[in-house]
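Peer 1: Pasting in a structure now, in structure tokens, and then I'll have a few things to ask.
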Amino acid sequence: MEKIPRAKTVWAHRVFFPAACLYGAIAVPLSVFAMYSGWGWPPALLGLGHAFEMVFGFALAVIAGYTLGPSDPRLLTGLFVLWLAARVAQFIAPFSLASLLISAAFGLALAWRIVPRFIAAKKWRNRLLMPLLGGLCLLPTAYLLTQQLAYGQGSRLVLHEGILFLALLMAFMGGRVIAPAVAGELHKQERNLEARVQPRIEGAFILLLIIAAPALVLPSTVSLAGAMAIIAGLLIVLRLLRWQLWHCRSRPDLLGLCAGYLCLGLGLVLLGSTIVARGQLTAALHVITIGALGTLSSSIMSRTHYQRLRRSPPPTVLVVWMLSTIAIATLARVAATFPSLGDPLPLLWLAATTWALCFGSLAWLFSAELYRGWRRSEHSAT
Numbered sequence: 001m002e003k004i005p006r007a008k009t010v011w012a013h014r015v016f017f018p019a020a021c022l023y024g025a026i027a028v029p030l031s032v033f034a035m036y037s038g039w040g041w042p043p044a045l046l047g048l049g050h051a052f053e054m055v056f057g058f059a060l061a062v063i064a065g066y067t068l069g070p071s072d073p074r075l076l077t078g079l080f081v082l083w084l085a086a087r088v089a090q091f092i093a094p095f096s097l098a099s100l101l102i103s104a105a106f107g108l109a110l111a112w113r114i115v116p117r118f119i120a121a122k123k124w125r126n127r128l129l130m131p132l133l134g135g136l137c138l139l140p141t142a143y144l145l146t147q148q149l150a151y152g153q154g155s156r157l158v159l160h161e162g163i164l165f166l167a168l169l170m171a172f173m174g175g176r177v178i179a180p181a182v183a184g185e186l187h188k189q190e191r192n193l194e195a196r197v198q199p200r201i202e203g204a205f206i207l208l209l210i211i212a213a214p215a216l217v218l219p220s221t222v223s224l225a226g227a228m229a230i231i232a233g234l235l236i237v238l239r240l241l242r243w244q245l246w247h248c249r250s251r252p253d254l255l256g257l258c259a260g261y262l263c264l265g266l267g268l269v270l271l272g273s274t275i276v277a278r279g280q281l282t283a284a285l286h287v288i289t290i291g292a293l294g295t296l297s298s299s300i301m302s303r304t305h306y307q308r309l310r311r312s313p314p315p316t317v318l319v320v321w322m323l324s325t326i327a328i329a330t331l332a333r334v335a336a337t338f339p340s341l342g343d344p345l346p347l348l349w350l351a352a353t354t355w356a357l358c359f360g361s362l363a364w365l366f367s368a369e370l371y372r373g374w375r376r377s378e379h380s381a382t
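Under the UniProt record's numbering, think of the first position of the sequence shown as 1, with each following residue one higher.
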């Protein structure tokens, strides 16, 4: 791959993080409005459309911002335009051939840029990032194929596979962020953290979730998929406990990352238990997508932002704001699945509003940095 001069590159997170946050802040309240207003607008966010846009719109944009790194401005612009075109096309003509083709094209283009970076990895666990990221990016193409083949439950299964892929990605990359950060903090306290990456536990939950993904597709092996998810979730919680987080009480940013990791482990246990019991998956899926994805993505994006901007962790006020809003959103959305609590609409609006407040704040924060960078480049050009 031709190396681009550093002076001519732009960090991808400066473009994709504000876009992802703004889209997440807008799309979730619009989903509640679409489903409960009686207008059915926007149709792109009805039914499976909500899950499709949060996985392949919001989450893929976060992944693009985090993994692309410094990129050629023209290439970055092309990828961003493709992502934006996919969102616009989905709103104009939901799940049409054209909109799904554009979504698939963005996923393929993103895979083309990020997957080759992991080919040279020596450890098999690191090499797994290549098919994992590639598979996640290819899922919009799989969604397109299931729709064109008129496979009844195929679209829902693709979205469930997407959430499993996201769970595995969060478990792997979250651990690679948390372990060295906690070890560094303990080193400052003259403590030694022996259980860092914990390769055996990491390898075990990777294999378990790799088994769970195809097992979820076949009716005869659904219970196996559930059992694998339960064990993987318990291993993630065990890994978290071995990081000795009680020594990091003075670092709310690390505690925030660990809260997201805990949601991931508990969410997988709940998901697996629900799959085995053949119950409704809504609550379990939202523990993963709101609790884990919301907390980890907001924490990692803010951490990346402040490390690049000030070489410091995010301010405590911001961390507390993110954690509290996402916690309320998670609890409210899970509570809305219980009929005994009455009308779910107020809880759904509470969940959507607090989610939007969290990511709307981050969108403003990241956009301000983008604007300042644009102003600096404009002044330097003159």
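The beta-carbon is built from N, C-alpha and C at its ideal position, and this holds for glycine as well.
In the DSSP assignment, find the unbroken alpha helix (DSSP H) run with Met35 in it and report its ends.
Peer 2: Residue mapping note: residue 35 aligns to position 35 of the sequence shown, counting from 1. That run of the alpha helix (DSSP H) goes His13 to Tyr36.
Peer 1: Spatial neighbours of Leu350 within its chain, please: C-beta separation below 8 Å, excluding the five flanking residues on both sides.
Peer 2: Taking the sequence shown and counting its residues from 1, the one referred to as residue 350 is at position 350. These residues qualify, in order along the chain: Ile328, Ala329 and Ala332.
Peer 1: In this structure, does DSSP put Val217 in helix, strand or coil?
Peer 2: Taking the first residue of the sequence shown as 1, we reach residue 217 at position 217. Coil at Val217, not helix or strand.
Peer 1: Flag this pair as touching only if the region 190 to 200 and the region 268 to 278 have three or more C-beta atom pairs under 8 Å; answer yes or no.
Peer 2: no
Peer 1: For Pro70, which beta-bridge partners are listed by DSSP?
Peer 2: Residue numbering aside, residue 70 sits at position 70 when the sequence shown is read from its first letter. Bridge partners of Pro70: Trp11.
Peer 1: Would you mind working out which of Thr325, Phe80 and Leu296 sits nearest Val177, comparing C-alpha positions?
Peer 2: Here the question's residue 177 lines up with position 177 in the sequence shown. Answer by Cα proximity: Leu296.
Peer 1: Given this structure, state the Cα-to-Cα distance separating Phe205 from Ala213, to the nearest angstrom.
Peer 2: Your numbering for residue 205 matches position 205 in the sequence shown. Your numbering for residue 213 matches position 213 in the sequence shown. Straight-line Cα distance between these residues: approximately 12 Å.
Peer 1: Quick one: give me the first and last residue of the alpha helix (DSSP H) that Trp39 is part of.
Peer 2: Numbered from 1 along the sequence shown, position 39 holds the residue referred to as residue 39. Segment: none, Trp39 is in no alpha helix (DSSP H) and carries neither H nor E.
Peer 1: As a quick exercise: from Leu266, Ser299 and Ser298, pick the residue whose alpha carbon is nearest that of Ala283.
Peer 2: Position 283 of the sequence shown, counting from 1, holds the residue named residue 283. Here the closest residue by C-alpha is Leu266.
Peer 1: Any heavy atom of the ligand PLP closer than 7 Å to the CB of Val237?
Peer 2: The ligand PLP is not part of the structure shown, which contains no ligands of any sort.
Peer 1: For Ala183, which option in Ser99, Ser37, Cys137 and Trp246 has the closest C-alpha, if you only look at C-alpha atoms?
Peer 2: Counting from 1 along the sequence shown, the entry for residue 183 is found at position 183. Per the Cα distances, Trp246.
Peer 1: Cβ atoms of Val28 and Leu76: under 8 Å apart, would you say?
Peer 2: Position 76 of the sequence shown holds residue 76. Position 28 of the sequence shown holds residue 28. Going by C-beta atoms, Leu76 is not nearer than 8 Å to Val28.
Peer 1: Mind checking Leu287: buried by the 16 CB within 10 Å criterion, or exposed?
Peer 2: For this step, residue 287 is matched to residue 287 along the sequence shown. According to the sequence displayed, residue 287 carries Val and not Leu. Val287 should be labelled buried.
Peer 1: Specify the secondary structure class of Ile326 as computed by DSSP and reduced to three states.
Peer 2: Counting from one through the sequence shown, the residue named residue 326 turns up at place 326. Helix, per DSSP.
Peer 1: With distances taken from CA atoms, which of Val62, Leu257 and Leu100 is nearest Ile326?
Peer 2: If you number the sequence shown from 1, residue 326 lands on position 326. Per the Cα distances, Leu257.
Peer 1: What first and last residue would you give for the alpha helix (DSSP H) that runs through Pro131?
Peer 2: What you label residue 131 is simply residue 131 of the sequence shown in a count that begins at 1. In the DSSP assignment, Pro131 falls within the unbroken alpha helix (DSSP H) covering Leu129 to Gln148.
Peer 1: In whole angstroms, what separates the C-alpha of Gln147 from that of Arg249?
Peer 2: Position 147 of the sequence shown, counting from 1, holds the residue named residue 147. Position 249 of the sequence shown, counting from 1, holds the residue named residue 249. When rounded, the distance between both Cα atoms is 49 Å.
Peer 1: Buried or exposed for Tyr36, please, with buried defined as at least 16 other CB atoms from any protein chain shown within 10 angstroms of its CB.
Peer 2: Locating residue 36 in the sequence shown gives position 36, counting from the first residue. Exposed is the call here.
Peer 1: What residue from Thr221, Ala215 and Gly175 has the CA that sits closest to Ile201's CA?
Peer 2: As a working mapping, residue 201 is identified with position 201 in the sequence shown. Taking only the C-alpha atoms, the option nearest Ile201 is Gly175.
Peer 1: So, does the CB of Leu68 fall closer than 8 Å to a CB anywhere in chain B?
Peer 2: In summary, chain B is missing from the structure at hand, where a single protein chain is found.
Peer 1: Tell me the rounded alpha-carbon separation between Ala61 and Cys358.
Peer 2: Counting from 1 along the sequence shown, the entry for residue 61 is found at position 61. Counting from 1 along the sequence shown, the entry for residue 358 is found at position 358. Between the C-alpha atoms of Ala61 and Cys358 there is a straight-line separation of about 17 Å.
Peer 1: Would you mind sorting Phe338 into buried or exposed? The rule is 16 or more other CB atoms within 10 Å of its CB.
Peer 2: Against the sequence shown, residue 338 aligns to sequence position 338. That one is exposed.
Peer 1: Use the C-beta contact count for Arg310: other C-beta atoms within 10 angstroms, 16 or more gives buried, fewer gives exposed.
Peer 2: Position 310 of the sequence shown, counted from the start, is the residue given in the question as residue 310. Looking at its Cβ environment, which holds fewer than 16 other Cβ atoms inside 10 Å, Arg310 is exposed.
Peer 1: Who are the near neighbours of Leu157 in its chain, counting only those whose CB is closer than 8 Å to its CB and skipping five residues on each side?
Peer 2: Your numbering for residue 157 matches position 157 in the sequence shown. Contacts found: Thr146, Leu216 and Val217.
Peer 1: Would you kindly report the start and end of the unbroken alpha helix (DSSP H) that includes Ile288?
Peer 2: Within the sequence shown, residue 288 is the residue found at index 288, counting from 1. Unbroken run through Ile288: none, as it is neither H nor E.
Peer 1: Please name the residue in Ala12, Leu268 and Ser96 whose C-alpha comes closest to that of Gly65.
Peer 2: The residue you call residue 65 lines up with position 65 of the sequence shown. The shortest Cα separation from Gly65 among Ala12, Leu268 and Ser96 belongs to Ala12.
Peer 1: Any idea what DSSP makes of Ile300, helix, strand or coil?
Peer 2: Start at 1 with the first residue of the sequence shown, and residue 300 comes out as number 300. Assignment of Ile300 by DSSP, reduced to helix, strand and coil, places it in the helix class.
Peer 1: Within 10 angstroms of the Cβ of Ile119, are there 16 or more other Cβ atoms? Answer buried if so, exposed if not.
Peer 2: Locating residue 119 in the sequence shown gives position 119, counting from the first residue. Flag for Ile119 reads exposed.
Peer 1: Would you mind reading off the limits of the alpha helix (DSSP H) that contains Glu53?
Peer 2: Translated into positions along the sequence shown, residue 53 becomes position 53. Glu53 -> alpha helix (DSSP H) spans Leu48 to Glu53.
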